[in-house]
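Structure first, commentary second.
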Amino acid sequence: MADPLMIFDILLALSIVALATASLSVRDQFTMIVLFIIFGLLSALAWVRLSAPDVALAEAAIGTGVTGALLLKTLHHLRFVSGSRNRQPMTGVAPLPPVPLGVTLANAAFCGLITLGLAAGFLGAPAAGPGFDMLVAEAMPTSGVAHPVTGVLLNFRAYDTLMEVVVLLAAVVAVWQIERGLSEAPAPVMGVVWQGFARLALPAIVVVGTYLLWGGAEAPGGAFQGGAVLAAMGLLLLLTRAYVPQPGHRGIARWAFVLGTGVFALVALLVAGGGRVAFEYPLEHAKTLILLIEGMVTISIAVTLAALFHGREPVALTTGGRHDT
Amino acid sequence: MSVDLSPITLAIFVPLFGAIMAFLLPRAASVIGLATLALTTGAVIWLARAVLTGGAVVLPLGGWGAPLGIDLRADGLSVAMLGLTCAVGFLVSVAALDSLKGAQQARQRQYFWPLWLLLLTGMNGVYLGTDIFNLYVMIEVIALAAVGLTVLSGSRAAVQAGLEYMYASILGALLFLMGVGFIYLQLGRLDFAGLTGAEPTGALIAALALMFVGLALKTALFPLHFWLPAAHANATAPASALLSGLVVKAALYIVLRLAQYMPFPSETLLTLVGLMGAGAVIWGGIQALRAERLKLLVAWSTVAQIGLIFVAFARAGEVGLPESWKAAALLILAHGIAKAAMFLAAGRIKDEIGHDVIRDLDRSPIRPTLAQFTFALAAISLIGLPPSLGFIGKWSLMEGAMAAGYWHWVAVTMAGTLMSVAYFSRVFAGFLRFDRVRAPVGEHQGWALADAAPLTLALAAIGLGLLAAPILGFIEIGYPFGVAP
Amino acid sequence: MMDAPLLPLFILLTSLLAAPVLFSLPERAARLRTGINLGMAGLKVALVAWLSLKVSQGVIYDLRFELLPGLEFKLQADPLAILFIALSAVLWLITTIYSVGYLEHGPHRARFFGFFSLCVAATVGIALSGNLFTFLLFYELLTLATYPLVIHRGTAEALRAGRIYLIYTLAGGLVLLLGTLGLWVLAGTTDFVPGGVLAYVVAVNPLAAQLLFVVLIGALGVKAALFPFHVWLPIAMVAPAPVSALLHAVAVVKAGAFGIMRVVYEVFGIETAQALGVTAPLAVLAGVTIIYGSLKAITQDDIKKRLAYSTVSQVSYITLGVALASPLAAVGALAHLIHQGLMKITMFMVAGNLAEGLGVKRVSQMDGVGRAMPGSMLAFTLAALGMIGLPPLAGFVSKWYLAQGGLEAGQAWVIELLLGSSLLNAIYFMPMLHRAWFRDAAPETTGAPGRPRIGWMLAVPPAATAALVLIAGGFANAPFSPLEWTRFIVAIEYQE
Amino acid sequence: MTPDLIYGLTGIAVFGIGLVGALCALDRLRRVLALKLCSVGAGFLLVVGAWRAPPGVPDPVPHALVITGIVVMVSATAVALALIRRLQTLEAEDER
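Here is the structure:
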């Protein structure tokens with residue numbers, strides 16, 4: 000056992016737990032989000048250590064990056080709204096009564112017990128136990144891709160992935176639904192320096208995103224990570240006001256949202272026939288089809304994530320989903 | 000190249016494409032929605048025929064086959080749930096067509112259809128799924144669409160309730176996901192078949208507990224029901240009908256399936272499940288008695304009824320489980336149909352009278368006769384009076400409990416029945432009292448075509464009791480529950 | 000004559016299918032509604048006559064439909080069923096005519112007649128039930144169909160009464176469900192079979208069988224208004240007169256009494272029940288109810304309430320006859336099922352006429368009403384005398400057989416009970432008759448003579464039923480009279 | 000002590016911390032964050048389950064599952080945050 004590595008592991012684990020605790024207990028919400036972002040990045044690091052670079056990439060880009068951006072945007076909005084409330088202090092409502100300490104402690108003790116039970120269950124489970132290793136190894140040659148994670152995502156368990164894209168679609172429909180007609184906090188705008196930086200960074204982001212997408216077939220990366228990176232570009236465009244969504248763009252945005260789901264589902268259905276079932280790509284076209292799906296899904300993910308960040312559906316006067324196709 | 004499609008794939012992909020089309024073409028959303036429902040129902044009927052003639056149907060997606068790939072499987076119970084979802088869904092859609100027809104509801108209408116069709120996709124996916132991780136993704140599809148529907152009206156109460164619902168949903172799904180993790184750790188596979196016959200180790204018990212608590216949160220089993228009443232009471236009527244009638248059933252169905260395949264640890268756990276159910280029956284009943292608004296009363300009755308389904312599940316202990324699930328399944332079907340009818344009727348009453356404060360129902364000179372009649376019919380099934388499907392379910396519950404000597408479950412059922420009589424008769428009094436009306440009572444006021452859908456549902460809830468024997472025969476197809484210990 | 004195995008089903012459907020049609024008729028379509036009502040009621044009487052003929056010729060009707068594995072929805076037409084179904088068919092026709100007249104201009108007639116029809120359908124179903132499970136289905140339907148009739152007026156008082164009615168009867172229904180389940184679990188069948196299905200259970204587990212008896216009789220006792228479950232009956236008097244008439248004569252109360260018969264004779268079997276030692280306590284309970292009801296009736300000033308307590312008392316004659324476990328008492332019980340129905344419906348219709356025509360609702364207001372409404376009061380007098388047990392009226396016949404049965408069973412106290420009860424009957428009916436005929440009318444109840452105060456639709460029905468009271472008593476031994484038919488049934492139940 | 004053990008327990012701890020937050024936190028934003036912590040905890044568990052001691056190659060299936068889980072979680076988070084924004088706005092409007 001490599002000793003320095005173990006020390007690293009323990010330290011990393013401790014800091015992850017400490018950050019998780021800190022982010023929940025710190026008073027200031029902005030600090031909370033920042034701590035969370037650090038927590039997410041460290042978790043991603045831990046996953047790299049556990050030889051899961053794809054997951055680490057996804058967590059860093061989507062789980063931490065996009066989630067962090069969403070949280071910050073919401074915080075900005077809340078501060079704006081409550082700022083307007085503070086202007087009329089007379090009508091303010093009493094703040095929520097704090098939860099009695101006893102209840103909190105009881106809850107914490109309860110959760111602690113659950114955690115202990117889970118830990119016991121975990122320790123009793125077989126280490127490095129049974130898995131799909133053999134099955135995947137056997138099936139990889141006929142999957143049409145070289146990278147196992149991509150093979151799982153887009154071939155063996157493609158149905159899961161399709162539904163995951165459907166979840167994204169449901170989310171954007173729900174968000175548009177929820178935020179319709181919402182009075183708008185002025186969008187956060189970056190300073191001039193940052194704007195310049197953002198403009199510089201844009202091409203690089205596109206290159207990285209495309210590379211991730213393309214590399215997904217052989218190396219870590221793929222549609223989700225690529226989509227997230229492209230979405231980051233969208234965020235920058237929105238923040239720098241380089242792109243302001245117009246009501247007229249709604250239609251295009253809708254098409255962009257459903258593009259991935261639609262193509263994915265259509266391909267899945269159309270390959271059925273000649274003794275094959277849905278999602279059973281013919282071997283000779285497997286790579287092409289998977290790349291097609293990945294490309295379309297990437298576009299949808301990018302647009303959807305950006306739209307989730309932006310929130311409201313673009314209607315007259317206000318702004319909405321981004322399109323970058 | 001010819002494409003040959005299985006009705007199983009159609010049951011999932013038709014609503015998915017419907018949702019996409021309804022989202023892309025908002026102006027035609029209603030037409031697309033209804034057409035989708037009709038087509039999905041057709042696919043389910045096709046599937047039902049296949050299951051009737053050939054037994055359970057399995058479709059290995061991608062041709063890989065479980066455990067590497069994901070299998071879809073349709074047996075009697077799945078198809079019964081699909082049938083419930085499509086039939087109730089279709090009628091609720093018809094009702095929604097009317098209740099969303101106003102000009103000021105244009106935006107609601109625009110979002111209702113894609114969300115509802117996505118919800119349908121998710122529910123059909125749950126009923127056909129055999130992979131627990133896939134079920135996790137599916138319940139998230141359901142959760143997001145359901146929350147979207149909950150807050151359709153955009154009122155503050157609805158948004159507040161929707162947010163609580165969202166928290167509960169996410170937490171439930173994450174508990175479930177954690178359970179999936181433990182199952183993977185122990186067994187290294189995620190398909191249902193892989194669960195069969197496994198030794199109940201610590202990790203598996205942890206997994207089972209996590210998944211059960213997660214699902215209980217999603218299906219609002221007492222004491223994890225806290226989010227349900229507000230969410231179901233504040234949604235618009237068609238959304239309430241879908242949420243209460245159909246959505247909570249998806250998580251319940253997963254519980255049934257897990258009990259089929261997982262090694263169920265012990266009598267103690269089953270008793271605990273029954274006790275939670277009993278708590279729900281009593282607490283839901285008490286709250287329904289106290290509720291001031293009609294829709295809130297109906298929502299609390301859902302809490303009580305969900306509890307009853309769990310009591311049915313636990314009615315005869317571990318030994319009786321291979322039979323008990325049938326009573327639970329019957330109650331699920333009965334509640335799905337009757338509760339949808341009741342929420343739609345309650346919505347109609349509220350629309351006609353202008354409010355739904357129970358104690359002031361009798362002050363209104365407007366009496367939406369048909370909606371009130373529908374409400375009463377639905378109540379008959381929910382109370383469990385013959386010959387409704389609810390009665391048959393209750394009969395099965397009590398019969399099994401009695402035969403096994405579990406008198407306490409009989410007592411709980413009877414108490415629940417009496418309470419339901421008490422709280423529903425509060426409403427009937429409001430319908431039938433006339434001496435508090437100042438203005439002359441109009442004759443047959445408030446008839447509308449929109450009453451047709453709930454009335455059909457309510458009549459079905461009553462009439463299907465006569466078809467209980469064939470229904471029971473059907474849900475047993477391809478479902479060898481006896482395999483589980 | 001052609002053979003129709005579905006005949007019982009048709010009889011059920013005449014009123015069951017009429018209900019949705021009546022519900023959907025607009026309020027103003029009065030003629031059409033009356034036409035359907037009377038048409039269906041007449042059709043039912045004709046079908047029932049045909050059915051009785053067939054059954055008396057020994058034709059067996061047995062319709063089954065499986066609801067759950069092994070559990071059947073079963074309709075059968077045996078002589079006992081015919082007895083009850085004939086009563087309900089005839090009285091439905093008469094009450095329908097009366098209701099049309101009574102509610103001529105009232106609100107919610109569509110609703111009223113729809114539920115009225117359902118109520119009769121439930122009664123017919125109860126009569127035709129071939130097993131306890133089917134009986135339970137119709138028993139609950141009866142509750143649901145009568146509730147809207149009880150609260151028809153829609154006042155706070157009516158709703159309060161309705162709530163009490165609903166709580167009692169639905170709780171009773173729930174207990175019946177429990178009992179049916181118990182029977183199903185213990186015996187594996189719920190069929191009604193002469194001689195009973197529980198002999199084996201009684202031998203193996205007498206305690207369970209006794210418990211089952213208590214549960215079943217308790218459940219049925221709620222509708223049969225057996226003490227102490229009778230509370231709802233006097234309160235439910237707020238219902239319109241035709242509803243009260245139907246409730247007391249045919250539908251609810253009789254359904255309970257009929258159910259007790261089925262349970263004692265065909266679930267337990269009279270011999271088994273006797274061996275189990277449960278009939279004697281039941282007889283005592285019936286006796287207590289008879290006396291209690293009569294005593295309470297004396298104290299009532301409200302006419303309908305007095306009649307209601309009288310029902311509490313009179314219906315228990317039926318239970319008493321069943322519980323005495325003697326063939327002669329059984330004849331008396333079965334005959335009383337019919338006779339009490341005829342007499343009580345007459346009295347309630349007259350009570351309704353008094354309220355409609357004269358505004359008289361209390362006994363103390365009855366002075367001189369005989370002169371104002373001689374026809375109605377004559378019918379009332381006949382029925383009241385019958386109740387007291389004056390020969391040759393119908394009530395005398397049943398009491399006579401009950402007394403004989405008491406002797407046969409070696410229970411001499413029954414004679415004293417019957418005499419005492421008759422005396423009490425006289426105490427609460429005689430003052431009413433005295434006031435009506437021999438006192439001078441109060442100014443508000445005397446109107447211009449010669450002009451009828453009520454339409455023929457209100458006047459004829461009580462006259463008709465009073466005539467039946469006379470005929471049933473006077474021609475008790477004629478073929479197809481209730482008494483003769485009763486003997487036919489008792490021969491079956493006692494397996495002679 | 001192998002990494003899978005260390006990080007497995009870390010994951011469970013993070014899940015537990017998230018659970019406390021989800022149940023006790025009043026602040027709406029914080030509850031969303033707590034739920035996100037739970038999801039990271041669950042991710043840890045799956046990634047640990049996939050880990051094989053070198054030179055073994057990790058099982059790719061749980062990796063794919065976690066990626067799916069991450070995307071699902073961000074969708075749910077987005078909806079929850081949208082609800083929070085909407086609700087806060089409505090509350091502010093009511094008070095005005």
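Top to bottom, those sequences are chains A, B, C and D.
Under numbering that gives the first Met the number 0, the first residue of the first sequence carries the number 0, and numbering increases by one thereafter.
Under numbering that gives the first Met the number 0, the first residue of the second sequence carries the number 0, and numbering increases by one thereafter.
Under numbering that gives the first Met the number 0, the first residue of the third sequence carries the number 0, and numbering increases by one thereafter.
Under numbering that gives the first Met the number 0, the first residue of the fourth sequence carries the number 0, and numbering increases by one thereafter.
Glycine included, C-beta positions come from ideal geometry on N, C-alpha and C.
Residue i versus residue j: straight-line alpha-carbon distance, rounded
i        : j        : result
C/Leu8   : B/Trp299 : 40 Å
C/Tyr164 : B/Ala400 : 29 Å
C/Ala307 : C/Gly113 : 25 Å
D/Tyr6   : A/Asp8   : 8 Å
A/Gly91  : A/Gln28  : Annotation note: pLDDT 37 at A/Gly91 (below 50); position unreliable, coordinate value reported separately. Rounded to the nearest angstrom, the two C-alpha atoms are 20 Å apart.
A/Ile300 : D/Gly68  : 15 Å
C/Gly358 : C/Gly292 : 26 Å
B/Thr161 : A/Ala124 : The residue you asked about is not Thr; residue 161 of chain B is Gly in the sequence shown. The straight-line gap from Cα to Cα measures roughly 38 Å.
Nearest-angstrom beta carbon gap, residue j and residue i [assumed within contact, 8 Å]
i        : j        : result
C/Leu197 : C/Val266 : 7 Å
C/Ala235 : C/Val149 : 5 Å
B/Leu396 : B/Phe390 : Between B/Phe390 and B/Leu396 the Cβ distance is about 11 Å, and since that is not below 8 Å, they are no contact.
Proximity test, Cβ basis, 8 Å: residue i and chain C
i        : result
B/Asp3   : no
B/Asp359 : no
Buried or exposed by the 16-neighbour rule on C-beta atoms within 10 Å, applied to residue i
i        : result
B/Met20  : buried
A/Tyr158 : buried
C/Val203 : exposed
B/Asp70  : buried
B/Gln159 : buried
C/Pro481 : buried
A/Gln87  : At A/Gln87, the pLDDT of 39 sits below 50, so the modelled position is not reliable; the number obtained from the coordinates is stated separately. Label assigned to A/Gln87: exposed.
C/Gly57  : exposed
D/Pro57  : buried
Chain A within 8 Å of residue i, Cβ atoms only
i        : result
D/Ala91  : yes
B/Met137 : yes
Enclosing beta strand (DSSP E) for residue i [first to last residue]
i        : result
B/Asp70  : 70-73
C/Asp61  : 61-67
C/Val498 : The structure shown does not extend to residue 498 of chain C, since chain C spans only 0 to 495, so no value can be given for it.
C/Glu71  : 70-75
B/Leu24  : No beta strand (DSSP E) contains B/Leu24, which DSSP labels as neither H nor E.
Test: residue i CB closer than 8 Å to a CB of chain B
i        : result
A/Leu268 : yes
A/Ile15  : no
C/Glu492 : no
C/Val192 : no
A/Gly91  : For A/Gly91, the predicted structure reports a pLDDT of 37, less than 50, and the residue's modelled location is therefore unreliable. The matter cannot be settled from this model.
A/Leu134 : yes
Within-8 Å CB hit, residue i to chain D
i        : result
B/Arg155 : yes
A/Val166 : yes
Residue range of the alpha helix (DSSP H) that includes residue i
i        : result
B/Glu351 : 316-352
A/Pro281 : From DSSP, A/Pro281 is part of no alpha helix (DSSP H); its letter is neither H nor E.
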